[in-house]
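Colleague:
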Amino acid sequence: MMKKTVMMMLFLLAGVVGWAQEDTFTDEELTTYASVMVWAENEKAALSSVVSDSVAIWLENTDLTNAEYNELSKADKRGELETVEATEAQVAVYTAIRNRIDDKAAKFKERYVSRIKDDIGAGLYNKVKTALKKDEAVKARYDEIYAQLQTDSSEQEESAGDTE
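Position in the sequence shown (first residue = 1) + 246 = our numbering.
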């Protein structure tokens with residue numbers, strides 16, 4: 247009986263301490279998290295551009311039109327690719343494009359997960375992500391850091407473009 251009471255008291259105490267203790271993050275931790283998020287946004291934008299360009303090039307060199315590609319894509323997302331009236335060649339072109347897009351997306355995801363593990367760490371990543379949803383003060387600090395890193399990143403891209 248005494249053991250149960252002591253255990254219950256410990257659980258209550260741990261709960262109260264955990265509840266009262268807010269996660270606080272250093273600017274360095276938020277900067278580390280934000281730098282990976284800025285990198286991810288830049289990579290997503292680059293990936294989107296590459297995908298769009300790739301699709302346009304593929305469509306220029308085949309008998310598959312943009313409208314047909316979009317129709318096949320919509321049907322594929324619904325799991326109804328076989329219901330679309332298209333030639334075997336058109337489906338093959340669509341499938342090749344889709345596979346290339348999926349491959350690029352998978353490579354991005356692999357690099358993103360690797361950056362989270364290597365640069366941030368899973369524990370800090372999860373804590374910051376949760377805090378950003380629940381703690382307005384942390385969110386405000388993070389948003390300021392993120393915005394600055396985005397500005398710095400844009401300026402670096404512009405200056406790199408000037409030298410090319």
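We treat Cβ as the ideally placed atom computed from N, Cα and C, and that holds for glycine.
Within the chosen definition, does the stretch 335-350 reach the stretch 303-322 through at least 3 CB pairs nearer than 8 Å?
Modeller: With the cut-off at 8 Å, the stretch 335-350 and the stretch 303-322 touch.
Colleague: Going by the CB atoms, is the gap between Val282 and Asp365 shorter than 7 Å?
Modeller: As a working note, residue 365 is residue 119 in the sequence shown. As a working note, residue 282 is residue 36 in the sequence shown. Result yes, Cβ atoms of Asp365 and Val282 sit closer than 7 Å.
Colleague: Within a Cβ cutoff of 8 Å, which residues of the same chain sit near Gln402, ignoring the five residues on either side of it in sequence?
Modeller: Mapped onto the sequence shown, residue 402 falls at position 156. None.
Colleague: How big is the Cα-Cα spacing for Thr376 and Thr308?
Modeller: By one-based count along the sequence shown, residue 376 stands at place 130. By one-based count along the sequence shown, residue 308 stands at place 62. Those two C-alpha atoms are separated by around 47 Å.
Colleague: Give the straight-line distance between the Cα atoms of Ala335 and Leu378, rounded to the nearest whole angstrom.
Modeller: Looking up residue 335 in the sequence shown gives position 89. Looking up residue 378 in the sequence shown gives position 132. Their Cα atoms are separated by approximately 48 Å.
Colleague: Taking contact to mean 3 or more Cβ pairs, one atom from each stretch, closer than 8 Å, check whether the stretch 382-396 and the stretch 273-290 are in contact.
Modeller: With a cut-off of 8 Å, the stretch 273-290 and the stretch 382-396 count as touching, because enough Cβ pairs lie within range.
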